[in-house]
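When you number the sequence shown by UniProt numbering, it's gap-free, plus one each residue, and the end is 234. We put the beta carbon where it would ideally sit given N, CA and C, even for glycine. Remarks on the structure that follows.
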Amino acid sequence: MLNLCVNPTISGSDFIFGSKKPVNRKVVVLGDGACGKTSLLHVYIQGHFPQVYEPTVFENHVQELVIDDQIVEIAFWDTAGQEDFDRLRSLSYADTHVIMLCFSVDQPSSLANAESKWLDEIIEHCPGVKICLVALKCDLRDDFKVQNELSRQGLRPVEYEEGLATARRIRASRYLECSAKHNRGVREAFLEVAKVSINSKSTGFTRNSFKEKFNSQHKSSTGTEQHQNNCLIS
């Protein structure tokens, strides 16, 4: 079953003009290579699923949304997850408001990397930034071929509860799930990220103070965060 984050607070069409001065926001899309980041953006912006996989080096797309009568111009920065592009990717973090930290449910290692490799990189380059953890390729969770392939490795697709637990541990503002291939939950995911970005600042803690706050929150977390429509709200 695909868990979707629904009921975003939005007034009117996503692309109509509101009455307030536009605000500009920057969202960096991050995660392992081939986990589905570019396909997610392609479906949201172009409206259809790409048939050919082309690794991304660096791309950005600007979209305009209206949320609670507030015009939000969001630049989505698509990044390469491969280690070969670590140095280039580090240049994309300046003035970031939200990180869309992605993983694929058919690649359990991509979720583990979200909590280790990618969180460390976020702390290093944009401490204090808000994070939305996004599960991709959720249609593959019930795919028998994927299940069998993972089973031979002693693994299984990532379950919703596992993703949510990780979101809690990393203090994510939202936990979202979607399938770009079937265009399920895609629009809702981006609207939730946009809502988070409105109240976000592009500057945050120093690196050391962020680590101290993160460690303190992690130790004191009691699992009593507020939940709404399968979104983790910090």
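Residue i to residue j span [Cα, whole Å]
{"i": "K20", "j": "Y160", "result": "37 Å"}
{"i": "T203", "j": "R25", "result": "Residue confidence is low: T203 scores 46 on pLDDT, short of 50, so the model does not pin down where it sits. Its coordinate-derived value is still stated next. Each residue's Cα considered, the two are about 12 Å apart."}
{"i": "Y93", "j": "V28", "result": "7 Å"}
{"i": "N199", "j": "V193", "result": "11 Å"}
{"i": "W77", "j": "A189", "result": "16 Å"}
{"i": "R152", "j": "V105", "result": "16 Å"}
{"i": "G47", "j": "V66", "result": "19 Å"}
{"i": "C102", "j": "A112", "result": "11 Å"}
{"i": "H97", "j": "S173", "result": "12 Å"}
{"i": "L40", "j": "F49", "result": "8 Å"}
{"i": "Q147", "j": "S109", "result": "15 Å"}
{"i": "Q51", "j": "T38", "result": "12 Å"}
{"i": "D32", "j": "I99", "result": "14 Å"}
{"i": "D143", "j": "E59", "result": "31 Å"}
{"i": "S116", "j": "E162", "result": "15 Å"}
{"i": "D68", "j": "A34", "result": "34 Å"}
{"i": "R187", "j": "K145", "result": "28 Å"}
{"i": "G36", "j": "Q63", "result": "19 Å"}
{"i": "P22", "j": "V134", "result": "26 Å"}
Any C-beta of chain B under 8 Å from that of residue i
{"i": "D78", "result": "Absent from the structure: chain B. Only one protein chain is present."}
Residue span of the alpha helix (DSSP H) that contains residue i, given as start and end
{"i": "G31", "result": "That residue, G31, is in no alpha helix (DSSP H); its beta strand (DSSP E) goes V23 to G31."}
{"i": "V193", "result": "V186 to I198"}
{"i": "S39", "result": "K37 to Q46"}
{"i": "D120", "result": "L119 to H125"}
Among the options, nearest to residue i - alpha-carbon criterion
{"i": "R141", "options": "Q107, W118, D69 and T96", "result": "Q107"}
{"i": "D95", "options": "I74, L101 and A112", "result": "I74"}
{"i": "S90", "options": "E124, S116, S109 and D68", "result": "E124"}
{"i": "H182", "options": "G154, Y175, H42 and K117", "result": "H42"}
{"i": "L88", "options": "E121, S116, M100 and G154", "result": "E121"}
{"i": "P127", "options": "K201, D68 and V23", "result": "K201"}
{"i": "V129", "options": "G36, V196, P22 and C35", "result": "V196"}
Residue span of the beta strand (DSSP E) that contains residue i, given as start and end
{"i": "K130", "result": "K130 to L136"}
{"i": "V72", "result": "Q70 to T79"}
{"i": "L155", "result": "No beta strand (DSSP E) holds L155; DSSP gives it neither H nor E."}
Secondary structure of residue i, DSSP reduced to three states
{"i": "I170", "result": "coil"}
{"i": "L176", "result": "strand"}
{"i": "Q51", "result": "coil"}
{"i": "N60", "result": "strand"}
{"i": "V105", "result": "coil"}
Check whether residue i and residue j have beta carbons under 8 Å apart
{"i": "L119", "j": "I170", "result": "yes"}
{"i": "C132", "j": "S179", "result": "no"}
{"i": "H61", "j": "I45", "result": "yes"}
{"i": "T166", "j": "A114", "result": "yes"}
{"i": "R156", "j": "L164", "result": "no"}
{"i": "L176", "j": "G185", "result": "yes"}
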